[in-house]
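When we follow this note's numbering, the leftmost residue of the sequence shown carries the number 1, and every step to the right adds one. For glycine and all other residues, C-beta sits at the position ideal for the given N, C-alpha and C. The structure appears right after this line, and notes come after that.
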Amino acid sequence: MPVADSYILAPCTCFASTVFNGHMTTPDAPTAPVDPTTTEAWAALEAHDLELEGSLREWFAEDPERAARFTHGAADLHVDLSKNLITPETLELLLQLSREVGVEERRDAMFAGAHINTTEDRAVLHTALRRPAGASPALTVDGQDIDADVRGTLERVYAFARKVRSGEWTGVTGKRIETVVNIGIGGSDLGPVMVYEALKPHAQEGLEARFLSNIDPTDAYETTRGLDPETTLVIIASKTFTTLETLTNARLVRSWLLDGLRESAGLRAEQEQEAVAKHFVAVSTALDKVAEFGIDPENAFGFWDWVGGRYSVDSAIGTVLATVLGPEVFEELLAGFHAMDEHFATAPAEQNVPLLMGLLNIWNVNFLEAETHAVLPYSQYLHRFPAYLQQLTMESNGKAVRWDGSLATTETGEVFWGEPGTNGQHAFYQLIHQGNRVIPADFIAFATPDHALADGEQDVHELFLANFFAQTKALAFGKTAEEVRAEGTEGALVAAREFSGDRPTTSIMAPKLTPSVLGQLIALYEHITFVQGTVWGINSFDQWGVELGKQLAKELAGAVAGDEEKIAAEDASTEGLIRYYRAHREG
Ligand code: F6P
């Protein structure tokens, strides 16, 4: 779709920022995206796509340097892009596209605190959450001393966490805390639960975390089942402190806790406030609402509107992690994030892994017509990583409108999905190997296992990694009809057993799944998401698309409860479904 010339600004003039008196000043927000389809690089990429000849088999045979050429380091990550459907020219053109739409300028603007979240008129500063103490120059944005506020909150979170971990903080009956229940949803749940699962071996003995997110009452029932209210601490995590699911679950758990304490410890009405103060803390940007809920402001940890929910696991939203895994582990996680931030901010474009991976996704989506992207961690501890990435990527880039309100000019927001290997191999890999869709996939693995086990003589981690290596090899190079025949297969079976190859994959390896490496991985995908959003002209930091459903759910409550007039006013399908519910509900 053509865009008025006046919308197209020279990118580097939009985001000027300066260092003044040792403080970085806030740059201007960008005014309009560059339409990627109007760039010279886009036209060249279209032509290149049509002219591209050969196969991964041929390209590897022709260029012995191919693997080295397309493999890069980013902090502790070793990233091999060579099994993607690219040539050196593809990457050159993608980097030209990046320059023409101003990715690096917008990146710098984001790091400096420009209001690049235009629809909410906010800075986007999750990268400030992991700046090391004493980082220079200090970051002041919109008059806020960001570094001081971030560090100040972290110190409060850590002090609280240490008290819980040492047993100094007890429940109202004096018992030590054994379980921390985090109540939150979306970014207030997916990040914490994913990191907790990934770093479980670091949990303090005798202290576990549970996570309650869904408004399905089964979730509250199952999460509290078997817990002792006297040894349970609840963290209500909600950026807005208005989210229906979280507040409903918080009230349910408060009732469960107070009822339990009445029963087990004879809690009296006048002790309830003290019990809530000892068993409930909150994390939010809306500390006034936290107080209304009855939580002692002393026990509330804040963050700021410049942290998007899905970018918030490294803010006070990680209080459950600092408590159960420990402040030291959380600091290491933050250091990992920061290492990747530094790489993204400073590595030359040709070796900048988040930039290259974001641009590769553009190539796959907009030129090779991929509609989905699989993320396949060969690490059981990363089993929630794909779910976490779904919110990060799809809530960020699942949009058809650009940041100036005009329509996107290309396909945007591919579907991210995945499962840990090797489970996925026995479920959906068939489609990736032999289906007729392009499904780019990121394979993630670690050299050192968390638990080295042997099956007789066989090191099981080696068997696991053999699968990791085998899959990307099979996807890249396939199996020709001649190779199938050479194994003695004849006739129609040959085609069924043939693998075309040329299925694009990226392999990401690291020495071990440490807290730092996990932080690096998360930040890598945050920045990949940013790069894609910038090329598409999308504001990756708002989420208006989830509002309508929330609003309608509230409006439908009366009809669901049986208000005949409201039921009759619904569309025929919704009316029929509500009537079915009302006819079949037991109890
Ligand atoms: O799903 C919409 C959303 O606003 C997410 O962006 C956010 O992570 C989630 O709801 C939870 O919001 P809150 O932290 O404000 O409860």
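Check	Outcome
Kindly provide the ranges of any beta strand (DSSP E) runs that are 3 or more residues long and lie completely inside the stretch 281–343, ordered along the chain.	300–302
How big is the Cα-Cα spacing for Gln532 and Leu463?	35 Å
When burial is assigned at 16 or more other CB atoms within 10 Å of the CB, is Asp341 buried or exposed?	buried
Once you ignore the five residues that flank Gly576 on each side, which residues in its own chain have a CB closer than 8 Å to its CB?	none
Give the single residue among Phe303, Thr505, Pro348 and Asp542 whose Cα lies nearest to the Cα of Ala374.	Thr505
Measuring alpha carbon to alpha carbon, tell me which of Gly308, Glu292 and Val281 ends up nearest Glu298.	Val281
Tell me, please, which residues DSSP counts as bridged to Tyr378.	Ala445
Going residue by residue through the stretch 168–243, where are the continuous beta strand (DSSP E) segments of at least 3 residues, counting only ones entirely within it?	179–183, 208–212 and 232–237
For Phe160, tell me which candidate among Arg254, Gly318, Gly587 and Lys399 has the shortest Cα-Cα distance.	Gly318
Taking its Cβ as the centre, do 16 or more other Cβ atoms sit within 10 Å of Glu65, making it buried, or is it exposed?	exposed
For Ala441 and Ala291, I'd like the C-alpha separation in whole angstroms.	45 Å
Examine the ligand F6P and report whether any of its heavy atoms sits within less than 7 Å of the Cβ of Thr240.	yes
Please go through the stretch 430–498 and give each complete beta strand (DSSP E) segment of 3 or more residues, from N-terminal end onward.	441–446
Quick check on the burial criterion: 16 or more other C-beta atoms within 10 angstroms. Buried or exposed for Asp314?	buried
Is Val546 close to the ligand F6P? I mean its beta-carbon at under 7 Å from any heavy atom of the ligand.	yes
Less than 7 Å separating the Cβ of Arg310 from some heavy atom of the ligand F6P?	yes
Between Leu77 and Val353, which are expected to be in contact by the criterion C-beta below 8 Å, what is the C-beta distance as a whole number of angstroms?	7 Å
The beta strand (DSSP E) with Ile508 in it runs from where to where?	Thr505 to Ala510
Enumerate in chain order the residues of its own chain whose CB-to-CB distance from Ala286 is below 7 Å, with the five nearest sequence positions on each side excluded.	Thr240 and Phe241
Quick check on the DSSP output: the beta strand (DSSP E) that includes Val365 runs from which residue to which?	First-last for Val365: undefined, no H or E at that position.
Just grab the DSSP bridge partners of Asn117 for me.	Arg122
Roughly how many whole angstroms lie between the Cα atoms of Ala400 and Gln390?	17 Å
Using a Cβ-Cβ cutoff of less than 7 Å, which residues in the same chain neighbour Leu392 once the five nearest sequence positions on both sides are dropped?	Arg310, Tyr525, Glu526 and Thr529
Would you report the Cα separation of Phe499 and Thr480, rounded to the nearest angstrom?	6 Å
Rounded to the nearest angstrom, how far is the Cβ of Thr127 from that of Gly171, given a contact under 8 Å?	Actually they are not in contact, since the Cβ atoms of Thr127 and Gly171 sit about 37 Å apart, beyond 8 Å.
Alpha carbon to alpha carbon, how far is Gly549 from Glu120? Give it in angstroms, no decimals.	19 Å
Buried or exposed for His461, going by 16 or more other Cβ atoms inside 10 Å?	buried
Out of curiosity, what's the CA-to-CA distance linking Asn21 and Gly134?	Residue placement at Asn21 is flagged as unreliable, the pLDDT there being 40, under the threshold of 50; a coordinate-derived value is accordingly withheld.
To which residues of the same chain is Arg156 closer than 7 Å at the C-beta, ignoring the five residues directly before and after it?	Phe301
Rounded to whole angstroms, what's the CA-CA distance from Asp147 to Thr346? Just pull it up for me.	20 Å
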